[in-house]
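Novice: Submitted below is the structure of interest, expressed as structure tokens.
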Amino acid sequence: MDENKMLMPDERVLSGIFTDMPNVTKAPLNVISNSFDVCTFRLQLDLELEPPSGFPTDLLIRLEKTKGNIEAVSRLQNLARRQAPKLTPALVKVGTTRNAEGAQLSYSITPFLSGTITLDDVWNDLREDNQEALMDGILDAIRRLQELRVQDDDILQALQQRINVDNNSKPLQKTLIGGPDTGYHFSIKPILEKFLLPKAARLSMCQITDTADGIEIRSVDDNVESVELNQVDLDTLSNHVVLCHNDLEPRNILVKRVDREGSDGIAWYELVAIIDWELAGLFPFAYEFGIKDAYLGSSNLLFSWYSLFKKKTSTLLPAGEAHEKLIKALRIISQSNEKAIPRNVGVRVRAAWIKRECLVVHTDVRRGWVRKEGVANIPAFTKEDRAKLENEVLKELGYI
């Protein structure tokens, strides 16, 4: 990547965020991660800079090119904080600013949680009982999110009084499905269409069509069985919409090492926070449960995390054929997406990782990916393994 083009906070960015602190540009700043579109950095405000009374002095700031989503995401995060206040970071401030080039940027500020690391940094090193304890904490958080009555008028009002739903500005109504990333809709069909890559749609790798009594999801591959969601199925899914994070992967979970009596000096970690709510929204839990299969091997490369997540959260997945059909539909679309971009580096890396992990898709859609029978223990996949695998794919494609 060209580092000169990657998003960075400059003096104008900081001055636009802290308009009442003229010397804020002197504050220590540390960029944690950045790309062309997003930058996350830590900013420490010395008391000599005179921050507002009660304002945290150690801050985590997310900066992104304006998409109009950051305020909508903040409303969902505030709803999540109602239900799981100990694990959902408080939003200190949300707004827009401009950089030295004049580009408008959105930002959100939360307190920096000192002493924390992301779970993916330590997951492979944890004892099994510590992994179980952490997953139980995530399970409890999901359960709390699902207890929020997301279709109540006061909750819909908290999201926004008026919102663009299915390309029409109108008051929020019942059975709202979606979020800032997918848009809000009155049925699951537009959500599935959003999940389908534009190239896969252009190549007709997968078709999502209306039927006399619902919708059908059909792959161009005749060996892949199509899925039909009838009106009863669609109504069932609408009636099971809950608040979902949709990206509960180790990189988005902060943990902290703690002293634990009787641990014999072995490291023990506790949950601190769930971060990055950009994909959150109002969905049937089968959607969040199902896209886990599509993200395995890309957003998450820890099979033991995935397997434990599926095992624990399966208790929260409602019984019934409609939910299983939605998972199957997501699987068809995911397969179609990969077939549409066969030379994509991420697709090739995922395929190589799945082969390395000896995984197959279980016939029970609720099980998702499982290890092949008779496979011995496979060593944990490390960051060094990932770098090696990516290099092998790049060589295979002729890029290096």
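The numbering of the sequence shown is UniProt numbering, which starts it at 1 and goes up by one.
C-beta: ideal position from N, C-alpha, C; glycine also.
Just so we're clear, the structure is a prediction, and the values are computed from it rather than from any experiment.
Which one of Leu176, Ala273, Met8, Leu14 has the shortest CA to CA distance from Ile32?
Specialist: Met8
Novice: Could you pull out every residue in the same chain whose Cβ sits closer than 7 Å to the Cβ of Ala84, ignoring the five residues on either side in sequence?
Specialist: Ala141, Arg144, Leu145
Novice: How many angstroms separate the CA atom of Phe195 from the CA atom of Leu45?
Specialist: 41 Å
Novice: Rounded to the nearest angstrom, what separates residue 401 and Phe309 at their Cα positions?
Specialist: Nothing can be reported for residue 401: it is not among the residues displayed for the chain, which extend from 1 to 400.
Novice: State the DSSP-derived secondary structure class of Ser238, mapped to helix, strand or coil.
Specialist: In this structure, Ser238 counts as helix in the three-state DSSP scheme.
Novice: So, with DSSP's three-state summary, where would you put His323?
Specialist: helix
Novice: Alpha carbon to alpha carbon, how far is Ile61 from residue 430? Give it in angstroms, no decimals.
Specialist: Limits of the chain in this structure are 1 at one end and 400 at the other, which puts residue 430 out of reach.
Novice: Taking the alpha helix (DSSP H) that Gln44 belongs to, which residues open and close that run?
Specialist: Here Gln44 belongs to no alpha helix (DSSP H); instead the beta strand (DSSP E) covers 38-44.
Novice: Three-state secondary structure (DSSP) at Asp136?
Specialist: Asp136: helix per DSSP, three-state reduction.
Novice: Provide the residue span of the alpha helix (DSSP H) that contains Asn387, from first to last.
Specialist: Asn is not the amino acid found at residue 387; the sequence shown has Ala there. Note, Ala387: alpha helix (DSSP H), 383-396.
Novice: With a CB to CB cut of under 7 Å and the five nearest residues on each side skipped, what residues in its chain are close to Arg343?
Specialist: Leu397
Novice: Looking at the secondary structure, which residues open and close the alpha helix (DSSP H) in which Val13 lies?
Specialist: 11-17
Novice: From Asn30 to Phe55, what does the alpha carbon distance come to, in whole angstroms?
Specialist: 19 Å
Novice: Can you check whether the CB of Asp37 is closer than 8 Å to the CB of Glu71?
Specialist: no
Novice: Which residue or residues does DSSP assign as beta-bridge partners of Gly281?
Specialist: Cys244
Novice: For Phe112, which residues in the same chain have their Cβ closer than 6 Å to its Cβ, ignoring the five residues on either side in sequence?
Specialist: Cβ-Cβ distances below 6 Å link Phe112 to Arg42, Asp58, Leu59, Leu60 in the same chain, with the five nearest sequence neighbours on each side left out; the list follows chain order.
Novice: My understanding is that Leu301 touches Trp369, with C-beta atoms under 8 Å, so please give their C-beta distance in whole angstroms.
Specialist: Contact doesn't hold; Cβ gap of about 12 Å is too wide.
Novice: Which residue's Cα is closest to the Cα of Ala27: Ala103, Val13, Leu317, Leu279?
Specialist: Val13
Novice: What number of angstroms, rounded off, separates the C-alpha of Arg162 from the C-alpha of Leu105?
Specialist: The pLDDT assigned to Arg162 is 43, lower than 50, so where the model puts this residue is not dependable, and the model offers no usable value.
Novice: Of the residues Thr363, Lys372, Asp364, which one's Cα is nearest the Cα of Arg356?
Specialist: Relative to Arg356, the option among Thr363, Lys372, Asp364 whose CA is nearest is Lys372.
Novice: Using the C-alpha atoms, what's the distance from Val349 back to Ser298?
Specialist: 8 Å
Novice: Hey, quick one: how far does the alpha helix (DSSP H) through Lys189 stretch, first residue to last?
Specialist: 189-195
Novice: Going by the beta-carbon positions, is the gap between Val73 and Trp277 smaller than 8 Å?
Specialist: yes
Novice: Express the C-alpha separation of Thr175 and Leu192 in angstroms, rounding to a whole number.
Specialist: The alpha-carbon atoms of Leu192 and Thr175 are separated by roughly 16 Å.
Novice: Step through the CB atoms of chain C and report whether any lies within less than 8 Å of the CB of Leu113.
Specialist: Protein chain content of the structure displayed is limited to a single chain, and chain C is not contained in it.
Novice: Quick check on the DSSP output: the alpha helix (DSSP H) that includes Ala352 runs from which residue to which?
Specialist: 345-357
Novice: When DSSP labels each residue in this structure, what does Tyr295 get in the three-state scheme?
Specialist: helix
Novice: Give me whichever residues DSSP pairs with Ile208 in a beta bridge.
Specialist: Ile217
Novice: How is residue 401 classed by DSSP in three states: helix, strand or coil?
Specialist: Residue 401 lies beyond the residue range present for the chain, which begins at 1 and ends at 400; the question has no answer from this structure.
Novice: When the Cα of Ser238 is compared with those of Leu326, Arg366, Lys311, Arg257, which residue comes out closest?
Specialist: Leu326
Novice: Taking the C-alpha atoms as reference points, what is the distance between Trp123 and Thr96?
Specialist: 36 Å
Novice: With DSSP as the reference, label Pro22 as helix, strand or coil.
Specialist: Per DSSP, reduced to three states, the secondary structure at Pro22 is coil, with no helix or strand assignment.
Novice: Closest by CA to residue 408, which one among Asp235, Cys244, Glu216?
Specialist: One cannot answer for residue 408 here, as it falls past the ends of the chain, which runs 1 to 400.
Novice: According to DSSP, is Trp369 helix, strand or coil?
Specialist: strand
Novice: Relative to the C-alpha of Ser15, which candidate in Asn99, Lys86, Glu50, Val92 has its C-alpha closest?
Specialist: Asn99
Novice: Within this structure, are the beta carbons of Gln335 and Ser226 separated by less than 8 Å?
Specialist: Result no, Cβ atoms of Gln335 and Ser226 do not sit closer than 8 Å.
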